[in-house]
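Per the working numbering, the very first residue in the sequence shown carries number 1373; after that it's consecutive.
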Amino acid sequence: MFGRKEALRALREAGCSREVVQHCLAVERISLRLARRIRANGHKLDLRLVSLGALLHDIGRARTHGIRHGVEGAKILRGFGLSKFAQFAERHLGAGIPAGEARELGLPARDFMPRTLEEKVIAYADKLVMGRRTASYERALDWFRTELGPEHPALARFKALHREIQKMAGAR
């Protein structure tokens, strides 16, 4: 059975740096904390899938730290026979990237929006981890504004993802 130990081995075999592995471990920790709160509020989600998806979401950083790391990560995962986890690599960028923006960014012209609850939790948690340190939602939002500009559509997507996750997690 493919588990946590195997996911960490896959990161190393792909060539991920220690920093990337530490980041993935931090994203896993935040993702699982959110997922447990969401489950406690009566929503169904797979904690094992959250754990493994969070660990593997940035495997593409073994090849590039650019916007294509999600696409590259999916290729690596498929090459390892781990197609089940490819969507976590592809759909965690920003707060999701719609097909039109993907094309403009030089990505394949398809939708990279998180769809499942597990994907949404990981995409959200990833934004709250800068390097391997946890940041507040407000700090992550400020980073988005600074990096992308105050009118970038990713800001609205991140805000919507925040509201959705917080509502499911029972935050007031």
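Backbone N, C-alpha and C fix where the C-beta goes; we use that ideal spot for every residue, glycine too.
Bear in mind that the values here come from a model prediction, so they are computed numbers and not experimental data.
Residue i and residue j closer than 9 Å at C-beta
i	j	result
A1467	A1407	no
Y1496	I1537	yes
F1530	A1512	yes
V1443	V1493	no
A1461	A1446	yes
A1528	F1452	no
E1391	G1503	yes
CA-to-CA distance, residue j to residue i, given in whole angstroms
i	j	result
H1441	D1498	14 Å
L1383	I1431	6 Å
E1523	M1373	45 Å
T1518	H1395	21 Å
L1533	A1481	22 Å
D1514	K1539	21 Å
R1463	E1491	7 Å
H1415	L1404	14 Å
Sequence-distant residues of the same chain with beta carbon closer than 6 Å to residue i, five excluded per side
i	result
T1507	Before going further, note that residue 1507 is Ala rather than Thr in the sequence given. Excluding residues within five positions, the ones whose Cβ falls inside 6 Å are L1500.
R1435	E1444
I1469	F1484
L1477	I1439
V1399	A1426, A1497, D1498, V1501
Y1509	H1534
Option in the options with minimal Cα separation from residue i
i	options	result
H1429	S1455, A1512, R1411	S1455
Q1459	R1529, L1477, P1486	P1486
A1541	E1519, L1489, L1380	L1489
Neighbourhood of residue i by C-beta distance below 7 Å, restricted to the same chain and skipping five residues each side
i	result
F1457	L1424, G1425, L1428, L1449
R1409	A1541, G1542
I1402	A1497, L1500, V1501, T1506
Residue i - containing alpha helix (DSSP H), residue span
i	result
P1525	1525-1541
H1415	Per DSSP, H1415 belongs to no alpha helix (DSSP H) and is neither H nor E.
T1488	From DSSP, T1488 is part of no alpha helix (DSSP H); its letter is neither H nor E.
G1521	That residue, G1521, is in no alpha helix (DSSP H); it is neither H nor E in DSSP.
Contacts around residue i, its chain only, beta-carbon distance under 8 Å, and the 5 residues preceding and following it disregarded
i	result
R1376	S1423, L1424, L1427
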